[in-house]
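Number 259 in the working numbering belongs to position 235 of the sequence shown; there are no gaps in the numbering. We put the beta carbon where it would ideally sit given N, CA and C, even for glycine. Structure, as structure tokens:
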Amino acid sequence: MITLKEALTKSKDELDALKIEMETKAKEGGLNAYIDFASTGEGIPILIKDNIQVKDWSMTSASEILQGYVAPYNATVIENLHNKGFSAFGRANMDEFAMGSTTESSYYGVTKNPHDLERVPGGSSGGSAAAVAGGIAIAALGSDTGGSIRQPAAYCGCVGMKPTYGRVSRFGLGAYASSLDQIGPITQNVEDAAILYDAIASHDEKDSTCATLELNSIVDNLDADRKLTIAVIDNYIAQASEEIQEAYAMTVEKLKEAGHIIVHKNMGNTKYDIATY
25 MITLKEALTK
35 SKDELDALKI
45 EMETKAKEGG
55 LNAYIDFAST
65 GEGIPILIKD
75 NIQVKDWSMT
85 SASEILQGYV
95 APYNATVIEN
105 LHNKGFSAFG
115 RANMDEFAMG
125 STTESSYYGV
135 TKNPHDLERV
145 PGGSSGGSAA
155 AVAGGIAIAA
165 LGSDTGGSIR
175 QPAAYCGCVG
185 MKPTYGRVSR
195 FGLGAYASSL
205 DQIGPITQNV
215 EDAAILYDAI
225 ASHDEKDSTC
235 ATLELNSIVD
245 NLDADRKLTI
255 AVIDNYIAQA
265 SEEIQEAYAM
275 TVEKLKEAGH
285 IIVHKNMGNT
295 KYDIATY
């Protein structure tokens, strides 16, 4: 699948052909990442999680309860996409009401991990992540309350970003925990995530929690050579399986080899985190 950056150079006819190709592959692939293939017309196609309102589309949050509901308006992120030359294309499967971490609780059935059909893609934005990783979506929007973008992106091997709270409007998002919810990108690489974030980020008077601070382009300020100080929380994985601990350690070593500074820390009260959340 072409990247989002590459898609910016494509003509209308090329994008139309790409949409047909994506729909065909999605129907044949067996991932169950898409709920349907609705489209808002011209533009670079972005897959939309089924808890984000797109005018005249069904929006069910993957629940039987909301069958028959049709969105009467666009979420602000959809308006922002349209204004930047993107189009909404397809509804992505998810855990029902975004309350899950496997995309197994959907009314529409289980979504599969494209790397191993016997494994889950994570959740709750599992359809978005599986489609991007499986080469049947250029990029997608998900929502993240306590990991619902980041975790499935990690499971599927793509990039998932939960924006800083208040940078992306929640207007038109099916609420879960409004003080934590954020809409964000799931993409093939970091640069694509920056492109999509720049497209959806904005102040919005319809969302009283939106930040009023000036928005600066992220994609224009990417610096692959910048060295970071990264905290590694050792006790987060103390009870993980051996293979997970090995993969984690390998990642830390790769970060060191890339020149980043690693600082080892422990968070003493993490056993209470889930209960508090």
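According to the DSSP assignment, Y58 belongs to the beta strand (DSSP E) that extends over Y58 to S63. The three-state reading of DSSP puts I173 in coil, since its state is none of H, G, I, E or B.
G166 carries a strand assignment under DSSP once its states are collapsed to helix, strand and coil. Within the model, the alpha-carbon separation for H284 versus T100 is close to 37 Å. Under the Cβ criterion (8 Å, minimum of three pairs), the region 165-173 does not count as touching the region 133-144. When the Cα atoms are used, A31 and K295 turn out to be separated by approximately 44 Å. For the region 82-118, the continuous beta strand (DSSP E) assignments of 3+ residues that do not extend past its boundaries occur at 110-116, in sequence order.
Nearest neighbour of E229 by Cα position, chosen from I254, E281 and R194, turns out to be R194. Under DSSP, the beta-bridge partners assigned to V256 are H288. Three or more beta-carbon pairs drawn from the region 68-80 and the region 107-116 are found closer than 8 Å, and the two stretches are therefore classed as touching. Counting only runs of 4 or more residues that sit fully inside the region 162-243, the alpha helix (DSSP H) segments are 174-180 and 214-224, in chain order. If you ignore the 5 residues before and after K108, its C-beta comes within less than 6 Å of the C-beta of A223, all in its own chain and listed in chain order.
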